[in-house]
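In terms of the working numbering, the sequence shown is residues 132 to 313.
Even glycine gets a Cβ: it sits at the ideal position worked out from N, Cα and C.
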Amino acid sequence: MKYLLTDAGAELLAKLGTTGMGLHLTRARTGAGYSDDPESLTELLDSQLEFQIAEAKRENSAAVLTLLVTNSGLVDEYRIQQIGIFALDEETGAEVLLIIGQDLNGDILPADSYGRVEYRYTVTIKISNALNVVIDINDTDFLLQKTFYECNSEGNITEAFYKVYTKVPKKEEAGTDAKTDN
132 MKYLLTDAGA
142 ELLAKLGTTG
152 MGLHLTRART
162 GAGYSDDPES
172 LTELLDSQLE
182 FQIAEAKREN
192 SAAVLTLLVT
202 NSGLVDEYRI
212 QQIGIFALDE
222 ETGAEVLLII
232 GQDLNGDILP
242 ADSYGRVEYR
252 YTVTIKISNA
262 LNVVIDINDT
272 DFLLQKTFYE
282 CNSEGNITEA
292 FYKVYTKVPK
302 KEEAGTDAKT
312 DN
């Protein structure tokens, strides 16, 4: 996928350069459309699925974003031909399509009934070292496999198993009649 700065994104970055405000990335979306002039778009064509930016890190003069798209809950399959990254214009309060990625062939995202499918896209945004970048990431909305496996190491599973099964009362303690030898 080829990523481009939109015209509205360029205007926002120019404004941020003069005001000293930071770049606030809010969300990402997929689209099933394709444009011959993607830089002029303010919305994705045939917008489909909203998702969050899963991870972000700063590397020198770049912000590297990891976008995670899954088919969880998706009823109908579609072809991901566009990905949009949105930023907040804090002066106006409006969201701006900052970056658009496009690929004529795209990736097929099948319906959830097909089985779990996950695509990871990495987007690098070149920025001024002076520009502060704020990214909305909410770990409560989804659990990355990486996070799941970190939290569920063997030690954690063993400890959880022990805590659950040591608190199960014995039959006598539970109030059941135990057989007695007379």
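Could you check which residue in the options has the C-alpha nearest to that of residue i?
i, options, result
"Gln183", "Thr255, Thr161, Ala225 and Tyr134", "Thr161"
"Gln233", "Arg158, Asp168 and Leu143", "Asp168"
"Arg321", "Ile216, Asp238, Lys146 and Glu170", "The structure shown has nothing for residue 321, since the chain only spans 132 to 313."
"Tyr245", "Leu219, Gly215 and Val206", "Val206"
"Val248", "Leu172, Glu208 and Gln212", "Glu208"
"Gly215", "Leu199, Thr223, Glu222 and Gly224", "Leu199"
"Leu180", "Glu170, Gln213, Gly153 and Ser171", "Gln213"
"Leu147", "Ala242, Leu219, Ala159 and Leu235", "Leu219"
"Met152", "Thr197, Thr137 and Glu221", "Glu221"
"Ile258", "Leu240, Leu229 and Asp243", "Leu229"
Where residue i and residue j are concerned, what is the direct C-alpha to C-alpha distance, given to the nearest angstrom?
i, j, result
"Asp308", "Gly204", "Reliability fails at Asp308, whose pLDDT of 47 lies under 50, so the model's placement of it is uncertain and the value that follows must be treated cautiously. Rounded to whole angstroms, Asp308 to Gly204 spans 48 Å at the Cα level."
"Ala314", "His155", "No answer is possible for residue 314: the residues shown for the chain start at 132 and end at 313."
"Asp272", "Ala185", "Note that Asp272 has pLDDT 44, beneath the 50 cutoff, so the model's placement of it is unreliable and the number below is only indicative. For Asp272 and Ala185, the distance between alpha carbons rounds to 10 Å."
"Lys133", "Asp177", "18 Å"
"Ser171", "Thr157", "20 Å"
"Phe217", "Asn236", "23 Å"
"Gly164", "Ala145", "28 Å"
**OP:** List in chain order: all unbroken beta strand (DSSP E) runs of 3+ residues lying wholly within the stretch 175–258.
**Re:** 178–182, 184–190, 193–201, 209–220, 225–240 and 249–257
Original post:
Is the number of C-beta pairs between the stretch 196–203 and the stretch 135–143 that are closer than 8 Å three or more?
Top reply: no
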